[in-house]
Every structure is written in C-alpha cells, then in structure tokens.
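Numbering (our numbering), first residue to last: 8 to 244. Even for Gly, the Cβ is constructed at its ideal location relative to N, Cα and C. First comes the structure, then the notes that go with it.
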Amino acid sequence: MAACALTVGGVVAAGLPSTAHAQASVLLKNQTAKAVVETVDHEARELLLREANGHLITIEYGASVRDLPHVNAGDKLSIRFVETLGADIAAPGSPLPESTLTTAKGYVHGHPRGVIAAFRRERATVQSIDLPTHTLSFVTTDGESHVAVLRIKAMQEFMASLKVGDVIDITRMESISYVILNDTTAPAADAASAAGVTAPAVPAALSAPVNAPVSAPVSAPVSTPAAPSAPVAAPAQ
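Here is the structure:
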C-alpha cells in the first residue's frame, strides 16, 4: 500500500465551495526566501541555491523547462514556493485528468522573473472511508492502492461527502517563482512585461506525476526548505 500525498497536517485550508462538499482545495505551502546561486549545472539542469541561513536548495528544472531567465552563479534571488492540494468528484464519462507543466518569464520592476509550475493529476476510486480516524483508502487508475490520513478540516469534510465506489480527481500543484535581484535592465522589447509574471493561480482541484517531475515546487523536481512536498525535498543543512 502506498502512502498518499493527501496525508498532510498543520496547513491552512481554503474555503470549500457550496456544492455539498463535492470539491475541496487547500494551501499546503506559501513560503518566500532570499538566496544566492551557488552553482548552475547546465548538463544536469540543476541550480544549487544557498539561503541566508546557510540552507542549500537544489532545483531540478528539467529538459522541458525552456522559458526562463538565464541564471548565473552569484546571482541573488528572491524565491517563492507555493503548493496546493485539491480534490473533486469526477464527472461521469469525463476524460482522465492529465498532469501538466507550465513555465513563464517576465520582469518585476525591471528584475527578470521566472515561474515553473507543475500540476500532478490522477483519478482514483474510493475503496473505504473511516470517518473517526479521518482515513480514506482508494486505488488509482494505475492499479496502485493508497491510504490517506486527512488532517485538514476541508479535506475531512470532503471525505464525509463521499461513499465507497465514488471516483475522484486529485490534483497537487507545486510552483516556484524567482526574481533575479541583481539585474535591473529589462530590454525595451519586454517593457510591456515589466509589471511582472503572475504565478499560476491556486487551483480548486489537484495533481499526479508530471513527465518533468518537480521538487521544491515544480516539474523537474525541486528540493525546498522543510515545509511542504510534491514532491518537495528538504534542503540540506
């Protein structure tokens, strides 16, 4: 039995829609940090960052990530990590959800900015529900069984609206956005984008493996400071 990413606690829950708890979405992580680029490995497509407290963060951005500002060793960055989790009842006959990866670039007050966001989506069938222990078991379309302990009120209420046999779509969104603080010369051709790039909105539903995995938010795995997952790796001390 695989432990499911739904097993979370101590996070902020977003409000539920009014449709009889047929849908739920929660914010697992919203964290900012300042860091300096230690190394850039173009072959492995990884960035090694050092936070002001000395923690190291590895960001694996993957071959599919192309639309980002160029980053060099020594660059000073302002970073934001966001992770959300959502679930809703799948509409009968609806196509299977697909995992996606989104990237963007632009400028914020003349500083280059990049955003990577991974949406990991999967469909599952409810096998058992234990309300007293807030435990939900389900099997995904790949045949793998999962057990999730739901520690967030919004998810517990969503589970209470389910019954065995229900089909649900689960989405985990992980994103990382960064601003290169030491560069303030936005090309004239990009002046229109000087207002900056907005990170993907928090979805009302959820996510599953993306071809370009994510760690510390997104797609190509990104390792981030201990807080959330999606998978997010805790930074090295």
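Exercise. Using the C-alpha atoms, what's the distance from Leu138 back to Thr109?
Worked result: Position 102 of the sequence shown holds residue 109. Position 131 of the sequence shown holds residue 138. Straight-line Cα distance between these residues: approximately 36 Å.
Problem set entry | Between the CA atoms of Gly113 and Gly100 - distance to the nearest angstrom | Reading the sequence shown from its first residue, position 93 is the one you call residue 100. Reading the sequence shown from its first residue, position 106 is the one you call residue 113. Their Cα atoms are separated by approximately 39 Å.
Problem set entry | Integer Cβ distance of Thr142 from Val133, believed to fall under 8 Å | For this step, residue 142 is matched to residue 135 along the sequence shown. For this step, residue 133 is matched to residue 126 along the sequence shown. Not quite, the Cβ-Cβ distance comes to about 12 Å (not below 8 Å), so this is no contact.
For this session: Could you give the DSSP three-state label for Lys170: helix, strand or coil?
Result: As a working mapping, residue 170 is identified with position 163 in the sequence shown. Looking at Lys170 - three-state DSSP - the assignment turns out to be coil, as it is neither helix nor strand.
For this session: Answer yes if the segment 76-88 comes into contact with the segment 178-187, meaning at least three C-beta pairs across the two stretches below 8 Å, and no otherwise.
Result: yes
Exercise. Is the beta carbon of Lys41 less than 8 Å from the beta carbon of Ser85?
Worked result: Position 34 of the sequence shown, counted from the first residue, corresponds to residue 41. Position 78 of the sequence shown, counted from the first residue, corresponds to residue 85. Going by C-beta atoms, Lys41 is nearer than 8 Å to Ser85.
Problem set entry | Alpha carbon of Ile136 to alpha carbon of Leu63, nearest angstrom | As a first step, residue 136 must be located in the sequence shown, where it is residue number 129. As a first step, residue 63 must be located in the sequence shown, where it is residue number 56. Going by the C-alpha atoms only, they are around 40 Å apart.
Exercise. Secondary structure at Glu181, three-state DSSP: helix, strand or coil?
Worked result: The count along the sequence shown starts at 1 and reaches residue 181 at position 174. It is a strand residue.
Exercise. Quick one, are the C-beta atoms of Val43 and Arg57 less than 8 Å apart?
Worked result: Your numbering for residue 43 matches position 36 in the sequence shown. Your numbering for residue 57 matches position 50 in the sequence shown. The answer is yes: Cβ separation under 8 Å.
Problem set entry | Backbone CA spacing between Asp95 and Leu54 [nearest angstrom] | By 1-based counting over the sequence shown, the position of residue 95 is 88. By 1-based counting over the sequence shown, the position of residue 54 is 47. Roughly 35 Å between the two C-alpha positions.
For this session: State the CB to CB distance for the pair Gly93 and Ser182, rounded to an integer number of angstroms; the pair is presumed to be in contact (CB under 8 Å).
Result: Taking the first residue of the sequence shown as position 1, residue 93 is located at position 86. Taking the first residue of the sequence shown as position 1, residue 182 is located at position 175. No, Gly93 and Ser182 are not in contact; Cβ-Cβ is about 14 Å, not under 8 Å.
For this session: Sort Arg73, Phe126, Gly121, Gly172 by Cα distance to Phe252 and report the nearest one.
Result: Outside the displayed span of the chain (8 to 244) sits residue 252, for which this structure offers no information.
Exercise. Hey, Thr65 and Met180: beta-carbon distance below 8 Å or not?
Worked result: Translated into the one-based positions of the sequence shown, residue 65 becomes position 58. Translated into the one-based positions of the sequence shown, residue 180 becomes position 173. Cβ distance not < 8 Å, so Thr65 and Met180 don't count as in contact.
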